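Written out below as structure tokens is the structure these notes cover.
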Amino acid sequence: VPITAGDKKVTLALRDDNVYLVGFKAQSGSWYEFRSAVAPGRKQPLIHGATFLECEDTYRALLGGKKSKEVKQKVSNLELGKTAAEAAVKKLAAYAHAAGGPDDATKVALARIVITVCEAVRLSSISTTLSTGWGQAATVKLDHLQPFYMQNWGDLSTAILDWRKHGP
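Shown next, in the form of structure tokens:
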């Protein structure tokens with residue numbers, strides 16, 4: 297999925313089963329891939345020729361926080377919106393891997409992209425929150441429930457599919 301901000305471009309690689317970010321291609325043409333929290337021992341990247349980012353694909357890894365409540369608070373406090381998304385695209389477009397993995401600003405950019413693209417596709421309340429302020433220069437933030445929905449998206453999806461299949 298190509299995303300542009302001005303003359304900067306980043307290409308996202310998304311999983312087709314859960315629409316989550318696998319990695320991205322910087323403007324240089326280099327691919328970078330998360331070390332997945334669900335497959336930490338994987339030796340080869342899913343994206344041919346990609347470099348592992350040396351960080352996992354969790355909000356804890358990207359934004360910090362020791363306890364789940366702290367991580368959810370950091371997600372809720374993250375500034376989102378068009379301006380924040382454009383800044384994230386520019387940051388990722390210019391990314392060049394260094395020893396030790398991505399710096400904090402790159403991790404925040406990744407978190408913003410994951411929420412803006414992946415979580416907004418999966419959860420209509422997040423899409424609505426983002427689209428409400430998209431045409432303005434204003435930043436938006438998630439409400440206190442949306443990080444909970446994000447964290448439990450898999451369970452929520454399974455419950456809905458089960459309900460559709462078997463009824464209430």
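FYI, my numbering numbers position 14 of the sequence shown as 310, with every residue one higher than the one before it. All C-beta atoms, glycine included, are put in the ideal place defined by N, C-alpha and C. Predicted model only: the values in this text are computed from it and were never measured.
Just to confirm, are residue 388 and residue 306 a CB contact at a threshold of 8 Å?
yes
Quick one: give me the first and last residue of the alpha helix (DSSP H) that residue 365 is part of.
364–373
DSSP has residue 357 in a bridge; who is on the other side?
BP columns for residue 357 are empty, so no partner.
Have a look at 390, 416, 460, 361 and flag the residue whose alpha-carbon is nearest the alpha-carbon of residue 314.
416
Pairwise C-alpha distance: residue 461 and residue 323
44 Å
Can you list, in chain order, the residues of its chain with a C-beta nearer than 6 Å to that of residue 370? Leave out the 5 residues immediately preceding and following it.
359, 361
For residue 300, the nearest candidate out of 430, 439, 382, 332 (CA to CA)
382
Go to residue 408, then tell me how far its alpha helix (DSSP H) extends in each direction, as first and last residue.
400–409
Keeping to the same chain, check which residues put their C-beta closer than 7 Å to that of residue 440; ignore five residues upstream and five downstream.
372
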